[in-house]
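Here's the structure we're looking at; comments come further down.
Chains as they are written, first to last, in this note's numbering: chain B, 16 to 166; chain P, 16 to 166; chain E, 16 to 166; chain H, 16 to 166.
See the structure below:
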């Protein structure tokens with residue numbers, strides 16, 4: 016399938032699936048709970064790694080962005096858990112940048128096991144903000160450039 | 016407003032807001048991140064405390080339930096973050112049991128600051144399962160009894 | 016036993032046990048691991064709450080201190096675990112300020128169950144540092160004053 | 016330097032440094048705190064990964080060991096922090112198995128940055144225990160065999 020990145024009215028809608036990154040994790044003991052499962056709240060840390068690494072692959076270092084005065088707090092976080100992830104399991108997190116619209120950026124996630132089974136899905140919307148004021152701001156130019164160059 | 020608990024077709028729909036519990040938290044240093052905010056993934060632990068304490072107020076000890084062979088993994092988790100929660104802030108988590116339907120139980124959450132401002136909202140759906148098989152099962156009878164007695 | 020606070024050569028050595036604070040915790044599900052125990056790394060967060068609350072009882076707000084440009088990173092951390100702490104257990108953390116010497120501050124901890132049994136002990140040494148340079152600095156004057164007034 | 020593994024009176028004392036494993040970590044945002052540093056309590060999770068991977072390299076899967084009825088809780092945990100570890104830093108954890116004595120096993124750790132600077136050191140003593148009774152037990156035979164074969 017061909018990726019299609021549309022840039023209409025300052026809004027990127029990215030479809031076709033090559034603005035993606037796959038990260039590998041092995042469940043740490045610290046991440047398990049009394050059920051022996053990955054604790055439901057700990058997935059958030061993996062999703063964060065997924066988007067940071069995807070941005071890095073586009074040439075954007077999240078640390079540098081913060082040092083330059085822009086932070087990226089989460090606005091909406093949705094997860095559906097299909098199957099438990101257990102201690103020491105190796106899993107694969109697919110992160111996709113799907114929308115960039117004004118100050119908002121959206122990532123879609125699929126977590127899979129070694130057999131390709133879907134373990135969980137997630138959508139996370141974050142908002143670029145000025146570190147000083149906390150107010151929303153446009154995405155860094157490097158990111159828009161990187162996206163356009165991929166078009 | 017009068018609470019209304021409807022029990023139709025094995026489904027409890029609870030409205031009117033007195034099947035609730037309020038828990039107080041103070042943001043720990045361990046829960047902050049580089050922005051100085053409560054890390055977005057750490058709210059999950061508060062929501063868990065909220066529902067465990069609400070169940071306890073209904074006479075159901077989550078630990079005992081697990082020891083009796085029933086676990087309660089999370090199926091769906093949705094959060095919207097309105098305002099950042101900062102280190103050492105004292106906040107108030109309102110947990111409401113809103114639906115009990117077959118093996119599924121739903122909690123709605125509102126997190127507020129000392130002035131009553133809404134900081135975040137969440138909805139979490141969990142599924143009662145047999146610990147041994149992992150298969151869904153009806154809610155423990157104590158819970159259904161507790162809900163009916165509140166009607 | 017009478018507390019004795021000695022102030023010799025800019026070094027406070029505090030003995031006698033009333034420069035203490037007791038905090039109560041209930042083990043959260045998020046804090047457990049696959050053994051059903053409180054994960055060994057999660058005690059650190061409790062110890063942090065213990066010392067922050069002890070300082071608050073002495074009139075020193077850790078948040079304010081940081082906003083005033085002084086941070087307090089941990090230098091040495093030692094724990095001995097005697098008995099496992101389990102999910103939903105209620106436990107009591109005794110924190111004692113034992114030494115204040117130049118930029119260094121030492122806290123001793125005992126964690127107990129409801130029967131007074133010792134569950135774990137810890138000693139933590141932290142160093143007051145300038146936020147800007149990271150260099151060690153004397154303890155805030157408010158703290159020295161508070162300690163002297165207790166003498 | 017030649018490794019020397021002594022097996023005297025049922026006690027392995029391992030010196031010479033090739034019973035080691037190096038793991039690489041990048042500091043996640045979830046692991047930072049308000050100072051922008053890796054939170055002092057979060058190192059414990061890295062140390063756990065270090066020893067689990069070292070054991071795996073010796074042919075011992077921690078998960079399997081637990082499934083076979085043996086758990087390995089921490090008894091003593093000591094850390095000295097030399098330099099802060101910051102968000103997005105890549106660091107290298109050297110884990111060394113130094114003593115195996117009856118039910119006790121000791122790991123020594125050094126954490127370094129990309130330039131070889133020592134960031135922190137740690138020693139952790141764990142105790143092999145029966146999962147059912149919680150009582151100490153000898154190390155699994157696979158481990159003793161693996162150590163002897165390395166001699």
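Just so it is clear, CB atoms sit at the ideal spot from N, CA and C, and this is done for glycine as well.
Predicted, not measured: the structure shown is a model, and the values here were computed from it.
Determine the chain B residues that contact residue 78/H at a beta-carbon separation under 7 Å, and present them in chain order.
102 and 103
Name the two residues that bound the continuous alpha helix (DSSP H) containing residue 141/B.
That residue, residue 141/B, is in no alpha helix (DSSP H); its beta strand (DSSP E) goes 133–142.
Show which residues of chain H have a CB atom less than 9 Å away from the CB atom of residue 64/B.
The answer, in chain order, is 41, 43, 44 and 45.
Residue 17/B - DSSP class collapsed to helix/strand/coil:
Residue placement at residue 17/B is poorly supported in this model, since its pLDDT is 42, which falls under 50; the coordinates are not used for a value here.
Using a beta-carbon distance below 8 Å, is residue 149/H in contact with chain P?
Cβ-Cβ to chain P under 8 Å: no for residue 149/H.
Looking only at its own chain, which residues have a Cβ that is under 7 Å from the Cβ of residue 164/B, when we skip the five neighbours before and after it?
none
Buried or exposed by the 16-neighbour rule on C-beta atoms within 10 Å, applied to residue 154/P:
buried
Could you tell me which chain E residues have their CB closer than 7 Å to the CB of residue 60/P, listed as they occur along the chain?
43 and 45
In this structure, does DSSP put residue 53/H in helix, strand or coil?
Secondary structure at residue 53/H: strand, using DSSP grouped into helix, strand and coil.
Does chain H have any CB closer than 8 Å to the CB of residue 159/E?
no
Given this structure, state the Cα-to-Cα distance separating residue 130/P from residue 43/B, to the nearest angstrom.
39 Å
Chain-order list of residues whose beta-carbon lies under 7 Å from that of residue 160/P (same chain, five-residue window excluded)
none
With a 10 Å radius around its C-beta and 16 neighbouring C-beta atoms as the bar for buried, classify residue 105/B as buried or exposed.
Counting Cβ neighbours within 10 Å, residue 105/B comes out exposed, since fewer than 16 surround it.
Taking the alpha-carbon of residue 152/E as reference, which of 132/E, 125/E, 119/E and 124/E has the nearest alpha-carbon?
Restricting attention to 132/E, 125/E, 119/E and 124/E, the CA atom closest to the CA of residue 152/E is found in 119/E.
Hey, could you find the ends of the alpha helix (DSSP H) residue 159/P is sitting in?
156–165
Determine the DSSP secondary structure at residue 125/E, reduced to helix, strand or coil.
strand
Distance between beta carbons of residue 141/P and residue 88/P, contact taken as under 8 Å
7 Å
Who are residue 101/B's beta bridge partners in DSSP?
52/B
So, at 6 Å on beta carbons, what are the nonlocal neighbours of residue 91/H in its own chain, with the 5 sequence-adjacent residues on each side left out?
140
Could you name the residues of the same chain whose beta carbon sits closer than 7 Å to that of residue 102/B, not counting the 5 residues immediately before and after it, in chain order?
The beta carbon of residue 102/B sits closer than 7 Å to those of 42, 44, 47 and 51, all from its chain and outside the five residues before and after it, given in chain order.
Helix, strand or coil for residue 146/B? Go by DSSP, reduced to three states.
coil
Kindly list the residues whose CB is nearer than 6 Å to the CB of residue 53/E, restricted to its own chain and excluding five residues on each side of it in sequence; keep chain order.
Taken in chain order, the residues that qualify are 42, 46 and 100.
Partners in chain H for residue 107/E, counting only beta-carbon separations shorter than 7 Å:
Under a criterion of Cβ atoms nearer than 7 Å, no residue of chain H is adjacent to residue 107/E; the nearest Cβ is some 19 Å distant.
Excluding the 5 residues flanking residue 67/H on each side, which residues of the same chain have their C-beta closer than 6 Å to its C-beta?
77
Alpha carbon to alpha carbon, how far is residue 70/P from residue 34/B?
43 Å
How big is the Cα-Cα spacing for residue 65/H and residue 40/B?
15 Å
Find the residues of chain H that neighbour residue 91/E, judging by a C-beta separation of less than 9 Å, and give them in chain order.
Neighbours of residue 91/E on chain H, chain order: 93, 94, 95 and 96.
Quick one: what's residue 113/E bridged to in DSSP?
Answer is none; residue 113/E lacks a bridge partner.
By Cβ distance, which residues of its chain are closer than 7 Å to residue 136/B, with the 5 residues on each side in sequence left out?
These residues qualify, in order along the chain: 95, 124 and 125.
Against chain H, does residue 56/E count as a neighbour if the rule is that its beta carbon must be under 8 Å from one of theirs?
yes
Under the three-state reduction of DSSP, which class applies to residue 82/B: helix, strand or coil?
helix
Is the beta carbon of residue 112/P sitting closer than 8 Å to the one on residue 38/P?
no
Quick one: grab the DSSP three-state call for residue 94/B.
strand
Between residue 153/P and chain H, is any beta-carbon pair separated by less than 8 Å?
No - not a single Cβ of chain H is within 8 Å of the one on residue 153/P.
Collapsed DSSP secondary structure at residue 64/H in the structure displayed
helix
Residues that residue 107/B bridges to, as DSSP identifies them:
39/B and 127/B
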